[in-house]
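In terms of the working numbering, the sequence shown opens at residue 964 and continues consecutively. C-beta atoms are modelled at their ideal positions from N, C-alpha and C, and glycine is treated no differently.
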Amino acid sequence: MTGTSDGLEGVVAAETVLSEVDGANGRLIIRGRSLDELAGRTTFEDAVGLLFGGFYPDLPADIPAALGAARVEVFAEVAALDTGLLDRTPIEAMRALTARLADGDDAQVALRLLAAPAVFTAAVVRAQAGEAPVAPDAAMRHSADILRMLRGTPATKAEADALDTYLVTVCDHGLNASTFAARVVASTRAGLTSAVLAGISALKGPLHGGAPGPVIEMLDEIGEPGNARAWIEAALARGDRLMGFGHRIYKVRDPRADALKTAVRWLDARQGRLEFAEAVEAAALAILREHKPNRSLETNVEFYTALLLEALDFPPSAFTCVFAMGRVAGWLAHAREQLSGGRLIRPASVYVGPMPQKAA
Ligand code: ACO
């Protein structure tokens, strides 16, 4: 075979029982359940049980308690946060702390890795604001404890439910770039920690999980609905991409966008913020249709992620870390699925460089 596919578009690189992204119909299925059945109705711990079922036979039956204990365990690593790390972006600092965890393939390693982005991000965000870390409470629901560790005060039920909605909505999504990266590393038998570090590294880029921070910058620069068209047209004229729009697989609206918009409505967000964002979204969609009429560019998950995480008091610089708190469940499930029978992932390339000169 000599053909290549730019960006591996259309290439099927794995069979999975974990999730199906139906790009033509705007549907996401996670282990036989549609996103509508899960988002807003399920805790993150339940979603972990769904994804991990059959892949981690040594996982304790009480996932909330096991995850709570893992949060407490990994918190010990927060002591390694030094000024060198605090000068880095939150995701780089969180990744560095995660890299301190031992590698391995069992459920205990997986539980620590599930807990790591949550515990480390809360500590990094607080330390960067000059505040001491807040220790985890093993008895709490994961989402509620994340918000408490972040802010130092208990979250309301609506806030914890909204964060659960987010974590469940993003917990898995087919063979996206970070999950593929995690599966490639898992396929070498490098261990779950290495696979998760690969996932975090791929997620960090602005074309993948790094988009929601810039969505807030866009909204803040636009300032009021009347400025939207001029701002967006100028951005596109410069060749910039509009963050929170477009997707490789979805050619219709990303179903996750509306699941998150619903959760934003539960929160006591800034007066008029959602209505303003909706006006910017409408302007962006209209202009993208004029600008790229053949491209079916629609709203993706990141647009309303930005609104939701802002309303929950996460700083935009840490939005990608919150994405990792949810997606880590998918990386870990995919890593084990890859290990259960998958071969080393090693595609071919086509050499198009110069050939050696013939000896005279
Ligand atoms: N704004 C403006 N133009 C866009 C956008 C956008 N957001 N997205 C795609 N396009 C245009 C490209 O310029 C390109 O135009 P051209 O072919 O005329 O040059 C065309 O649409 C196709 O773009 P590709 O980059 O080939 O499409 P691809 O499938 O590789 O990209 C991606 C998908 C990376 C998500 C893209 O839509 C994008 O950059 N979006 C903005 C970043 C973003 O929101 N990322 C989060 C995605 S969701 C997630 O990962 C969780």
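(Q) Is the beta carbon of Gly1305 closer than 8 Å to that of Ser1141? (A) Against the sequence shown, residue 1141 aligns to sequence position 178. Against the sequence shown, residue 1305 aligns to sequence position 342. Not a contact, by the Cβ cut-off of 8 Å.
Q. Helix, strand or coil for Arg1211 per DSSP?
A. Position 248 of the sequence shown, counted from the first residue, corresponds to residue 1211. Arg1211 falls in the coil class under three-state DSSP.
Q. Between which two residues does the beta strand (DSSP E) carrying Arg990 extend?
A. By one-based count along the sequence shown, residue 990 stands at place 27. Note, Arg990: beta strand (DSSP E), 990-993.
Q.
Does Val1131 come out as helix, strand or coil in the three-state DSSP assignment?
A. The residue given as residue 1131 occupies position 168 in the sequence shown. In this structure, Val1131 counts as helix in the three-state DSSP scheme.
Q. According to DSSP, what are the bridge partners of Asp985?
A. Taking the sequence shown and counting its residues from 1, one reaches residue 985 at position 22. Looking at the DSSP assignment, Asp985 forms a beta bridge with Arg990.
Q. Should Pro1317 go down as buried or exposed, given a rule of 16 or more other Cβ atoms within 10 Å for buried?
A. As a first step, residue 1317 must be located in the sequence shown, where it is residue number 354. Classification for Pro1317: exposed.
Q) From Val984 to Ile992, what does the alpha carbon distance come to, in whole angstroms? A) Taking the sequence shown and counting its residues from 1, one reaches residue 984 at position 21. Taking the sequence shown and counting its residues from 1, one reaches residue 992 at position 29. Those two C-alpha atoms are separated by around 7 Å.
Q) Can you find a heavy atom of ligand 2 that lies under 7 Å from the Cβ of Val1264? A) Among the ligands modelled here, namely ligand 1, ligand 2 does not occur.
Q | At least 3 beta-carbon pairs within less than 8 Å: the stretch 1063-1073 vs the stretch 1020-1037 | A | yes
Q) Hey, how far is the Cα of Arg1211 from the Cα of Ala1322? A) Along the sequence shown, read from residue 1 onward, the residue named residue 1211 stands at position 248. Along the sequence shown, read from residue 1 onward, the residue named residue 1322 stands at position 359. So the two alpha carbons sit approximately 47 Å from each other.
Q. Quick one: is Leu1223 buried, meaning 16 or more other Cβ sit within 10 Å of its Cβ, or exposed?
A. Within the sequence shown, the letter at position 260 stands for residue 1223. By the 10 Å Cβ count, Leu1223 comes out buried.
(Q) Taking the alpha-carbon of Val1148 as reference, which of Val974, Leu1307, Val1313 has the nearest alpha-carbon? (A) Residue mapping note: residue 1148 aligns to position 185 of the sequence shown, counting from 1. Residue Leu1307 is the option with its Cα nearest to Val1148.
Q | Whether Thr1119 touches Ala1002 by CB criterion (8 Å) | A | Taking the first residue of the sequence shown as position 1, residue 1119 is located at position 156. Taking the first residue of the sequence shown as position 1, residue 1002 is located at position 39. Cβ atoms of Thr1119 and Ala1002: not closer than 8 Å.
(Q) Taking a contact to mean a Cβ-Cβ separation below 8 Å, would you say Thr1061 touches Leu1182 in this structure? (A) Here residue 1061 refers to the residue found at position 98 when the sequence shown is read from its first residue. Here residue 1182 refers to the residue found at position 219 when the sequence shown is read from its first residue. The answer is no: Cβ separation not under 8 Å.
Q. Terminal residues of the continuous alpha helix (DSSP H) containing Leu1113?
A. As a position in the sequence shown, residue 1113 is number 150, starting the count at 1. Note, Leu1113: alpha helix (DSSP H), 1105-1114.
Q | Simplified DSSP assignment, three categories, for Arg1063 | A | For this step, residue 1063 is matched to residue 100 along the sequence shown. Three-state result, Arg1063: coil.
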